[in-house]
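Comments concern the structure below.
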Amino acid sequence: MTTSYHSERKHYYFIICLLILWIILFEFILPPNQILPRPSITLLSFINLFRDYQFIINILSTVSALYFSAIAAGIVIWIFRKYILTDKSIFKFLGISLGRINRLVPVILIGLFLIIWFPVSEYSKYAFMFLISFSFLFNKAAIELKKVNIETIQSINSLGADEIFIFEKISWKAIEPALAASLTELHYYLWSLLIVFEYINGGTGLGKLLRTAIQFKDLADLFVYGITLWILILFGMSIINYFKNKIFFWSVN
Amino acid sequence: MNPVLEAKNISKYYKGPAGSKQVIFENINFSINEENSITSILTPFGWGKSTLLRMLSGIDRDYTGEILLNGNIINKKLPFIPENPVSLPWLDVIDNVRLVNSLRLKRDQLSINALQDLIDLVGLTGYEDHYPFNKSYGFRFRITLARALVISPQIILLDDSLKLMDFETKTEVFGLITKISLARKIKFILASSNITEVDSISDKIIFMNKKPGSTAREILNNKQGLGTFKKEIMELLLDGKVSNTSNYAI
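Chains as they are written, first to last, in my numbering: chain A, 1 to 253; chain B, 1001 to 1250.
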């Protein structure tokens, strides 16, 4: 715990050093260039974003689409887990089969279809994020359920427990830490896909702002987006890690 | 004397890769009587003792022959404790023990005091709110044993459950099993490949042969103290009447 805390602090020191280096080099030493913007211009650009581009609304649009949809997908899987993830369920077979297609076809293609199917609206973004989160968590759960120690199941079964009891009280609980750990991966995955989705689809969101910045070749704006995204992702990760360590503290092996 | 548990001509096969019939066991016969409180099934390594215990437990019903409990074909399951004790790391000790209590009929459910008695019996008093995560095999075995006791079984099956414990813990657990067997009139069946282990704890050993698995001999404790079985088993092994010594832990 202490070691990981110190190692994390080292990373932050490193980032702070890079920021100081950027300020010294690009503000005072180097002439204006297309590599990185000047810190003073970046600051002005940051203020402009709030004033002219409804930055807060765009951030809220992206963040809410991502987290609400992912949470909704998690809740739906949790509620219907015994109907869709038990061995006898046809949904499990369908889900795993779809998951295999998913490995061959890039997910962003599904997103492109959604853009065509749905009118340009906020709902298509929510639907896309829900679909991606649901299929990711469903597949992860199905894979992890196969890894649950058979001896554990047999031992509880020998005490008179039926299939549903074992699924709910043993198998599902056994996979929860692995599911929680996979949220880190899902989190990065959703952020990347959502930015691309908004970039293509337009509407509101950070992806839309990113498209505008690229269109106008506005380096300072791009830089601000980068920093904002980094902070948002880092903040999201910290919350996920906090709950992961607090609630799913155990390891089965 | 009527046997409590009886295996009659038990055979198990599986289909090999080329569709050939592979024999795991053939015509296994043994019985466990009222006076046998701790019986060991001594098998060579890789013999299939877990498979046999799963069959005795009622988890695996894919075999030929008969398993009788109190003279009737077994129709309920017997508690099975695998090699790696099944303590659930997300539940504390008391919740681990009472997990299967809710499966029983309301009138048969144990009260909190009765559950506490079981925790006391397995020696976990004071650890009720501890989580088994990262705890020793001995600790986790005690939890698994207490949980099995909740359903008031007649027989408990142990699948080499002591193998992963250190000597000191093993000695404590031997004492615990003996105590529970006497106090609750419960019979234990331990499957193991360790001659010293079964010699230390059992009052009957069912000695199994290798390839195909079959019953070689049943040896009863003649009450002459520790080491009696070991001597007898070693004689059998050295005479070449059963598998050689390298197939066992001594």
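We put the beta carbon where it would ideally sit given N, CA and C, even for glycine.
Is residue i helix, strand or coil when you go by DSSP?
i	result
residue 233 of chain A	helix
residue 215 of chain A	helix
residue 1012 of chain B	strand
residue 248 of chain A	coil
residue 1223 of chain B	A caution first: residue 1223 of chain B carries a pLDDT of 49, below 50, which makes its placement in the model unreliable, though a value can still be read off. DSSP places residue 1223 of chain B in coil when its eight states are reduced to three.
residue 1018 of chain B	coil
residue 1082 of chain B	coil
residue 1003 of chain B	strand
residue 46 of chain A	helix
residue 967 of chain B	Absent from the structure is residue 967 of chain B, since the part of chain B shown begins at 1001 and ends at 1250.
residue 1191 of chain B	strand
residue 996 of chain B	Because residue 996 of chain B is not part of the residues shown, which for chain B are 1001 to 1250, the question remains open.
residue 52 of chain A	helix
residue 1025 of chain B	strand
residue 8 of chain A	helix
residue 239 of chain A	helix
residue 1105 of chain B	coil
residue 1251 of chain B	One cannot answer for residue 1251 of chain B here, as it falls past the ends of chain B, which runs 1001 to 1250.
residue 139 of chain A	helix
residue 14 of chain A	helix
residue 1045 of chain B	coil
residue 1209 of chain B	strand
residue 79 of chain A	helix
Under 8 Å, do residue i and residue j count as touching if we go by C-beta distance?
i	j	result
residue 73 of chain A	residue 126 of chain A	no
residue 1180 of chain B	residue 1190 of chain B	no
residue 223 of chain A	residue 42 of chain A	yes
residue 197 of chain A	residue 134 of chain A	no
residue 1009 of chain B	residue 1027 of chain B	yes
residue 1206 of chain B	residue 1030 of chain B	yes
residue 1128 of chain B	residue 1094 of chain B	yes
residue 166 of chain A	residue 156 of chain A	yes
residue 190 of chain A	residue 132 of chain A	yes
residue 1160 of chain B	residue 1049 of chain B	yes
residue 206 of chain A	residue 56 of chain A	no
residue 161 of chain A	residue 1100 of chain B	yes
residue 1187 of chain B	residue 1059 of chain B	no
residue 1143 of chain B	residue 1097 of chain B	yes
residue 152 of chain A	residue 170 of chain A	yes
residue 1136 of chain B	residue 1043 of chain B	no
residue 251 of chain A	residue 1017 of chain B	no
residue 256 of chain A	residue 183 of chain A	The structure shown has nothing for residue 256 of chain A, since chain A only spans 1 to 253.
residue 63 of chain A	residue 232 of chain A	yes
residue 227 of chain A	residue 210 of chain A	no
residue 1176 of chain B	residue 1146 of chain B	no
residue 1251 of chain B	residue 1012 of chain B	Since the displayed chain B opens at 1001 and closes at 1250, residue 1251 of chain B lies outside it and no answer follows.
residue 138 of chain A	residue 95 of chain A	yes
residue 199 of chain A	residue 213 of chain A	no
residue 1203 of chain B	residue 1037 of chain B	yes
Just to make sure I have the definition right: I need the residues of chain B whose C-beta is within less than 9 Å of the C-beta of residue i. Which are they?
i	result
residue 159 of chain A	1077, 1079, 1080, 1099, 1100, 1103, 1147, 1148, 1150, 1151, 1153
residue 144 of chain A	Per Cβ cutoff of 9 Å: no residues; residue 144 of chain A is ~15 Å from chain B at best.
residue 82 of chain A	Residues of chain B passing the Cβ test: none, with the nearest at roughly 16 Å.
residue 151 of chain A	1050, 1080, 1082, 1083, 1084, 1086, 1159
Identify the contact partners of residue i in chain B, using a Cβ-Cβ distance below 8 Å as the criterion.
i	result
residue 170 of chain A	1088
residue 165 of chain A	1103
residue 250 of chain A	1089, 1090, 1131, 1133
residue 173 of chain A	1088, 1090
Along chain A, which residues have their Cβ under 7 Å away from the Cβ of residue i?
i	result
residue 1054 of chain B	154
residue 1059 of chain B	154, 157, 158
Query raised in the report: Touch check for the region 170-190 of chain A and the region 1073-1081 of chain B: three-plus C-beta pairs under 8 Å?
Result: Because the criterion of three Cβ pairs below 8 Å is not met, the region 170-190 of chain A and the region 1073-1081 of chain B do not touch.
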